[in-house]
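Okay, so the sequence shown: first residue is 1 according to UniProt numbering, each after it adds one.
Heads up: the structure comes next, in structure tokens.
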Amino acid sequence: MDKNLSIRTVNVTRYITPLREGGSLPALAEADDNFNYVLKFKGAGHGTKALIAELLGGEIARALGLPVPELVFANLDEAFGRTEADEEIQDLLQNSQGLNLALHYLSGAINFDPVVTTVEPKLASQIVWLDAYITNVDRTFRNTNMLLWHKELWLIDHGAALYFHHAFTDPDGHALTPFALIKDHVLLPQASLLEEVDAEYTALLTENIIRQIVNLLPDEWLQWEGVEQTPNEVREIYVQFLLVRLQNSAIFIKQAQNARQALI
């Protein structure tokens, strides 16, 4: 994992259909590499911060060996979407010119159903650890954000993670929070090996890997209204948040273990 990380860039050639799960109106789209993608738009509700969380959460998961669809930068040129009949979608496309983010579309995948499929304790603990680390509020019974594809569990939709950046105040304080919302995690009942996973993952996620992942963020996603920091300074805040949280993983592991004990 010490090799240099990179993300491919594709050009969106065809808008196929909106995917109306959630409020951000992602879409199924085709790119110039002839693959289909689930396209996340920077012009949607939470803007580029949702794309940042999606990229950082997805690539951290990949660095930990968890199955995540390939992420690509998806370029929308200014002419794209002018023929779209739906005004809401046309506005979204026009407001999303430039670099967006897309996940490789897993054709034929089905939503994970915890009633039907039981996840073994090690994998459940790995996913709970990830979501507690990146403060992902969105892997619940109501919205599992996991797919079954070729009998394997795949993680999707990390755009609600790293929610400290919506206020962007006191990132070090946020890094030390126990993340009480882990109590709602769909896999928490099966996550009986959190301490074992914590030892493995804190050794695996080096500062070099974290910096490489954060450095993937493009400048145009980091120029926020009301924020004076340069893109490099914003990247460093993400790096420090992730490092501080990693160095103090015992805080969120204890919270998850206590929440699990209350469930079982």
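Yeah, the Cβ is synthetic: ideal placement off N, Cα and C, and Gly gets one too.
Since this is a predicted model, take the numbers as computed values, not measurements.
Neighbourhood of residue i by C-beta, 7 Å cutoff - its chain only, sequence neighbours within 5 removed
i: E220; result: G98 and L99
i: I7; result: L71, V72, F73 and L216
i: P69; result: L103, H104, L106, W154 and I156
i: I210; result: V239, L242 and L243
i: I33; result: Looking at the sequence shown, residue 33 is not Ile but Asp. Closer than 7 Å at the Cβ level, and outside the excluded window around D33, lie V10.
9 Å Cβ cutoff met for residue i and residue j
i: L148; j: N111; result: yes
i: V186; j: H104; result: no
i: residue 299; j: D172; result: Residue 299 is absent from the model: the chain starts at 1 and stops at 264.
i: N11; j: D77; result: yes
i: L205; j: L246; result: yes
i: G226; j: A53; result: no
i: V128; j: L64; result: no
i: L56; j: L162; result: yes
Burial state of residue i (16 or more Cβ within 10 Å)
i: N145; result: buried
i: V116; result: exposed
i: D91; result: exposed
i: N215; result: exposed
i: F73; result: buried
i: I156; result: buried
i: T135; result: buried
i: H165; result: buried
i: R139; result: buried
i: E228; result: exposed
i: L263; result: exposed
i: D31; result: In the sequence under discussion, the amino acid at residue 31 is Ala, which differs from the Asp named in the question. So A31 counts as buried.
i: Q261; result: exposed
Length of the line joining the Cα atoms of residue i and residue j
i: A102; j: A79; result: 19 Å
i: H46; j: A27; result: 16 Å
i: L51; j: E59; result: 12 Å
i: Q212; j: A259; result: 33 Å
i: E88; j: L193; result: 46 Å
i: F168; j: T48; result: 14 Å
i: L181; j: A256; result: 9 Å
i: D86; j: L19; result: 14 Å
i: Y15; j: A29; result: 5 Å
Same chain, Cβ closer than 6 Å to residue i, neighbours up to 5 away in sequence not counted
i: L130; result: A61
i: Q190; result: V119, P121 and A124
i: F252; result: A132, P178 and F179
i: D184; result: T140
i: S249; result: D198 and T202
8 Å CB neighbourhood of residue i in its chain, flanking five on each side removed
i: E75; result: The sequence shown places Asn at residue 75, rather than the Glu named in the question. Contacts found: T9, V10, N11, V12, G98, L99 and N100.
| task | Take every Cβ of the segment 173-180, pair it with every Cβ of the segment 194-204, and state whether three or more of those distances are shorter than 8 Å. | result | In short, these stretches do not touch, since the Cβ pair count stays below three.
| said: Could you check whether the segment 36-51 touches the segment 220-234, counting it as contact only if at least three pairs of C-beta atoms, one from each stretch, sit closer than 8 Å? | reply: yes
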